[in-house]
Structure formats: C-alpha cells, structure tokens
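Protein chains in written order, with the working numbering: chain A, 694 to 1083; chain B, 694 to 1083. Even glycine gets a Cβ: it sits at the ideal position worked out from N, Cα and C. This structure is a prediction, so every number in the text was calculated from the model and none was measured.
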DNA sequence: ATGAAAGCGCTAACAT
DNA sequence: ATGTTAGCGCTTTCAT
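Okay, structure coming up:
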C-alpha cells in the first residue's frame, strides 16, 4: 500500500503531523478529486483527457467532484509526466515597439485560441540577451519557439538547432527568406515568416523613381541594431543607382526619432552645406556621381517616425511636400496618415506575422511536418506626400 | 537498486530495449551530467543551486560535464519537486495597445533581470476571456499574478482570492486605490499599482478652468469597456460643475479614433445643431444648465488619438486652437506633441507601472509580506493646445 | 471501464 | 562534502 495520506485535503487543508516527509502545498490534486468522486486518480485523469472513455455515471460524479473542489490541473506535473508541452516561447526585441507589440498580439490571439500558452521574453535587440533568454525559455521544453530575425549568437543558433533536432518547431519572424549576397552564410535554416526587406527597399526606390525623381535619399535609422532598416537602405540605393539616379544614404541621429527626422530635413534640403562646420564629418555615404551637389527631390525613411518628423518640419518651414521634396515612410502608422499631407508609407503585416507564425507552428505540431516558411504581403500606400507634382 | 539504465545517454541517444517502461525523451538530464562528472545527480543539483557547498575539484568536474553535455535544466521537473515557481503570470487587455505594451515591457525587463519568467495572456478587454486565461495560467502555479484593473468576473475574483490565500502575490495594475462611490463593493482587496483616474479627470478639468474656460466638454471613448476613461469623464464633469462651469460629456463614435476625433470637432463647434437631423439622437449627456446652447471653449478627451483627430481637423478647418477651442489629450504620445500646436496631455507612467508592479511582486516574494499598493505619478503636460489666450 | 505500478526529472529531508 | 530515499502530481503501460 502506498504511504497513507489523510483521507481528505478538503476537510483539513492544513492537516499536519502523520508524515514528516515532503507534502503537498495544500493545493487540490487529482487525488482529492478522485476521493471525492469515489474513484482513483487515474480515472479522473482519463476523464480530463478523454471524457468519452469514462462511464457516464462515473463521469457525472467526477464532474461534480471537480466543481466542488475547484480543481486546477498542475501543468508542470502533467508536462513532466507526458513530456508534452503546450508552451510556445517567443523572443522579441521589444514589446513596447508597436511593430513587435502587434506581432505579439497576433501570436497571443492565435495561440490562446488553440489552447497554447505564450511565454514571452524581450531581448532589447541584444544577441547576448537573446541567447540568455533562449536558454531560460528552453528549460520549459516549449512545444515551439519563435525568434525574431535571422541574426543570432552562435550558441543561440546551436540551441535552436538542437531544439529543432529534438522535434521542436522553430520559426524566425520578421525577415524573409535569405536572398543572396547580404546574408551571413549559415548552415542552419529555420522557417521564416515575414517579408523581404530587400524587396521593400527596392519598391520604395521604384515608387519614387516612377514619380520622376532622380535625386534620392534614404534616411537610415541611427540605431545600429536595426539591420532590417539598413538592408532596405542598401536595396533602395542599389535600385536607384541601377536606374541611373543619384542616391545617398544618410544616417539619422539617435534620440527622439521625430526630432531626428526634423533635423534630417535640414540636411536633405542643403546636404552640401553642413550647418555647423565644426561638427564631425557628416555620415552621408553618397552614391552615384560624387561631384554634383545633390539637392534631393525625394527621400525615403527607415520608419514613419523619422519621415513624419521631416514632414512636420517641412510644414513648419513652409517647404512644399511633395512639391519641393517627396517623403516616404515605412510602417504606415495610423497617426502618420493623418498628417497634412498624409504620409505615403509601407503598410506592414505586423499582426499577420504573429498570426501566420502561430499557425505555422500549430500546423507543424499537429502535422509533424516542419514549419513552413511564409512570405507575407506588404503594401506601399501612396498618399499625397509622394504624389507626382502636377 | 533502482532500475538500471543504460550507462550513458550521450553515447547512444536512441538506446532502446532493456526496459519497456517509459523512457526519457532523449534529452540530457541531471543524471547524464552526473555520470560524466563521476558523481550522483544530487551533487550536480546542489552545485547548480549552491555552488559554494560543493568541493572545488568536484565543482570543476561538474562544470566540465555541464559544458560537455550542454545540459539544460528541466524547469517543470524542478518546479514540481521544489514547489517553487519563478513564473509570473500577467493578464493584459491587449498587447498591441501601446499603453499596455509599455507596461508589458516594464514587467518583462524587471522580471527578466530578477530571473523570473513572464507568462503573458491578453483578454481583449473581456472579463470572460480574462477568467478563462486566468484559469489556464494558474495551472502553472505562478509565483505571482498580475491582472489589469479591478473589474473581474466573479469566478476570476474567487480564483485570485484563492491564489492569494495560497501565498501567491496578486497585483492589479492601471487603477489606483478604489475611491468611494463609483467602485463596486467587493470583499477582496488586492494591491493596486497605478493611479487614480478620478484625480486625473479632476486635474484635467481644473487645468481648463484655470485657463479661464467655463464651457467644457469631455469627449469620452466610445469603447464601452474603457471604464477608466468613463471614470475620468465623471470626475471631470463633477469638478467642472463644482466650479460652476457648464460641462457636457460626449461619447465619441467607434472606429478609427483619429477620425472619430475629427468628427467630434464638428460636434464641439456646433453641439446644438446636429449635422444630420435624421441621425439617431446624439449621445451627449449634457450637464449643468440644460437651456443654454453650449458653445464649448475647451474639450478634454479620453485619449490622445481622439484629441489629435480634433486638433488636426481644427487645423484643416482653420479653427484656432487654443483660441477658439482648447484641446487636452490623455496619454501624451510622442506623435501628439509634434503636432501644430503641440497637444497638451496627461503623461502616464506606462512603463513604470510594469516596473513597479514587478518590484512589488519581487518584494512580496522575497520578504513574504503582502505586495504593497502604489500610486504612481502622472503629469499634466501643458502645451500650446491649452495655452491661455493672451 | 477502471486500476496498479512505474516513471517523468528534479529537489527536500535525512543520512553518512 | 556527498549520497540515499522518498516524493512532487501527473501520465504511461499493462493488467483486470
């Protein structure tokens, strides 16, 4: 006979004595329910997992006992015993940034609906913190893992590879399938759910070229870690150059991005005459013909914040947009299309990325096939800020 | 002797036969590490938890074994055995809303730094979903629980109360201590980390009154669930009336809040003459003297989005702000202070609420005293949109 | 249809 | 300083 235990936890939740050995924490267990229902715990366990297998009258008694005790299954015990987890671990650079916040919401909505739990951690764009957090999250033996982007610390990559080898689906979000050239070579390939930032950069250039602009600028994010913005910039510049246009990539200063955008407007209007001669050499990497003083007629930005800053400053200075300078953002935030003129921008599948990633994981978990990569659609929304003059 | 197991999982990860009984999932366990280090598993376990207690040379061997095997502790097993959890469960209405997203970030940053894990779920402002999610999260036996607001389904309340009784700190965020009158009576009191929305509503009214306005409007959120906005509105109206001013509370239409704000500008400028006589009766609940046609000179809004919509529309219609109409927002979003004129607003401790809640929980967990309630500071940031004319 | 036994991977308690 | 034993609460396997 197994070690006796007090007949009912319910009667005396703080029952003591009897056994000096380790004891429960006073919580209702399967066994309490079983006692109340007059069966053994395995029957209750079975009822919980496959109710149809239990006799109708037994089931009824169990249902009663469940309600009477207020039983809450202990998930760690269940997972430990079954080796299965319904946790999905997600690593995002930042939860406050509305880009990732909406992705988190998409993940959360879709996973919750499927009965999964979301264990979330933010990395602050740091590969080190990502690795550290990944290690912590993997200790939960999650059913699946979501990470952001395709840049990871070597050890993190190894952990992800090991997890996948053990049958845990791994998905990288927010980047598209690696296109040639710019990507670091890497043995491990995880399914990607996102879009190609190269393509977006190219489309941004083409949009401005199509409006007749020949002197383009890309205002890059000053945040070094935002490699997606840098990638878009490279693709933008390449496309512009390919079309025979002049193009420069300028890095925005750090700090409040709206103010950075305002400041950049000045540089865009008079790029060859730095306001403060004493200031450090400007970081413009001019492309195209180096000689001509580039008076830009159009600028694309790494994000809507920078672009809106420039737009607002233009409005303040009575600089005509798009007449004197066309402005194109990235992200299509609700407030940016309210400005005057409304900002043209690239609408992103922020929420959809979360949903698609979750779906891919759920598919992989049920079907046992690998998570499928997915390229999601974005849209360049042309508004007045890049309208063709005329 | 305990059931024999193959000498090393490392050598033959897929070793079979021997025992038909349930077997591990091929993962590295404490025992594998112990074998590699020539000790028993408890010593490794000990090393992991209190390294200083283990002999130096043993420790060195364990360290090596740990590295060689790539061991990752199984958290469910650890928690089950110890009865301790480092999970904090958080329930937020929405992760995409930047208000809660920043709170989530504050929670995440602070908890991660303390070695805790964040299990997060969103409720979509639905009390039912909150209860359901709460039930799921409590199954993890979290170390602490964070919920949003003080309105919960009865059963959810019971679950929270039971959790607290079992020693799990529970914190409600985003609301302040219940002030009299408006709050539903309730036996259970959890620690609150937030601020009083009554006080904010009052301060908003006082700010406008101090600028000399006597005909005030509060534009409430059309979202029924946003009871905090409604509370601010009630307090706003009460304060205005107390000061002898005229005041009305108008409900914004649903849908895009910027456009709703734009639409509300029309109502504010000509509140007595509904544009479309055929439209359903407007939802304005006029307070103060009912007779006078209230031509508002100032309006406070439930959020910056609505306020900015009105501000932008005013600018489009060449209605002077604050000359003809002063506008006051709530939330103090970065884009709103970039407008022309910059929007006065109430700056909220969005991130700080997360940090403070996490700290309170950590304190409660280490000190074993109850989580302490906290009132956090907000600031009414006066900008040009409510500047005194003259 | 229900139960007994064993075990998931770890840690607490009690040795030595 | 290290090991032995029992047990956390559940599920699997194998009876009955």
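Non-local beta-carbon contacts of residue 1044 (chain B) in its own chain, meaning distances under 8 Å to residues more than five positions away in sequence, involve 795, 796, 798 and 799 in chain order. About 21 Å separates the beta carbons of residue 815 (chain B) and residue 862 (chain B), which is beyond the 8 Å limit, so they are not a contact pair.
With its beta carbon less than 8 Å from one in chain B, residue 951 (chain A) belongs to the interface.
Here residue 1030 (chain A) is buried. Its C-beta has 16 or more other C-beta atoms within 10 Å.
For the pair of segments examined, the segment 918 to 932 of chain B was found not to touch the segment 1001 to 1013 of chain B: the number of CB pairs separated by less than 8 Å stays below three. The bridge partners DSSP lists for residue 864 (chain B) are B:839 and B:884. Inter-residue distance for residue 751 (chain B) and residue 731 (chain B) is about 9 Å (C-alpha atoms, whole angstroms).
As a beta-bridge residue in DSSP terms, residue 944 (chain B) pairs with B:913.
Residue 721 (chain A) sits in coil when the DSSP states are folded into three classes, being neither helix nor strand. Secondary structure of residue 1057 (chain B) (DSSP, three-state): helix. Under the Cβ criterion of 8 Å, residue 996 (chain B) is not counted among the residues facing chain A. Rounded to whole angstroms, the separation of the alpha carbons of residue 940 (chain B) and residue 927 (chain B) is 11 Å. If you look at residue 896 (chain A), you'll find it in the alpha helix (DSSP H) that goes 890 to 903. By the neighbour-count criterion, in which 16 or more other beta carbons inside 10 Å mark a residue as buried, residue 1034 (chain B) falls on the buried side. Residue 834 (chain B) has a beta carbon lying within less than 8 Å of a beta carbon in chain A. Closer than 9 Å at the C-beta level to chain B, one finds these residues of the segment 1014 to 1047 of chain A: 1026, 1027, 1028, 1029, 1030, 1031, 1032, 1033, 1043 and 1044. In this structure, the CA atom of residue 820 (chain A) is about 40 Å from the CA atom of residue 922 (chain B). Taking a Cβ-Cβ cut-off of 8 Å, the neighbours of residue 1009 (chain B) in chain A comprise 1033, given in sequence order.
Shown here for residue 906 (chain A): same chain residues with a beta carbon closer than 8 Å to its own, the five before and five after excluded, namely 938, 990, 991 and 1019 in chain order.
A distance below 6 Å between beta-carbons, with the five flanking residues on each side excluded, links residue 1081 (chain B) to the following residues of its chain, in chain order: 904.
Distance from the CA of residue 757 (chain A) to the CA of residue 768 (chain A), rounded to the nearest whole angstrom, comes to 21 Å. If you draw a straight line from the Cα of residue 1059 (chain A) to the Cα of residue 742 (chain A), it comes to about 17 Å. The three-state reading of DSSP puts residue 769 (chain B) in helix, counting H, G and I together. Among the CB atoms of chain B, none fall inside 8 Å of the CB of residue 881 (chain A). Taking all protein chains in view, the Cβ of residue 762 (chain A) is crowded by 16 or more other Cβ atoms within 10 Å, so the residue is classified as buried. With respect to the 8 Å criterion, residue 770 (chain B) and residue 773 (chain A) are classified as neighbours on the basis of their beta carbons. Residue range 820 to 831 is occupied by the alpha helix (DSSP H) that includes residue 825 (chain B). Boundaries of the alpha helix (DSSP H) around residue 933 (chain B): 920 to 935. If you look at residue 992 (chain A), you'll find it in the beta strand (DSSP E) that goes 991 to 994.
At a cut-off of 8 Å between beta carbons, residue 738 (chain B) makes no contact with chain A. Taken through DSSP and simplified to helix, strand or coil, residue 958 (chain B) comes out as helix.
Excluding its 5 nearest sequence neighbours in each direction, residue 1036 (chain B) has C-beta neighbours in its own chain below 7 Å: 997, 1000, 1001, 1004, 1020, 1022, 1029, 1030, 1076 and 1078, listed in chain order.
Residue 909 (chain B) and residue 891 (chain B) have their C-alpha atoms spaced approximately 17 Å apart. In the structure shown, residue 1031 (chain B) adopts helical secondary structure according to DSSP, grouped into three states. Runs of the alpha helix (DSSP H) lying entirely within the segment 788 to 817 of chain B and spanning at least 4 residues, in chain order: 791 to 806.
At a Cβ-Cβ threshold of 8 Å, residue 1068 (chain B) and residue 869 (chain B) count as neighbours.
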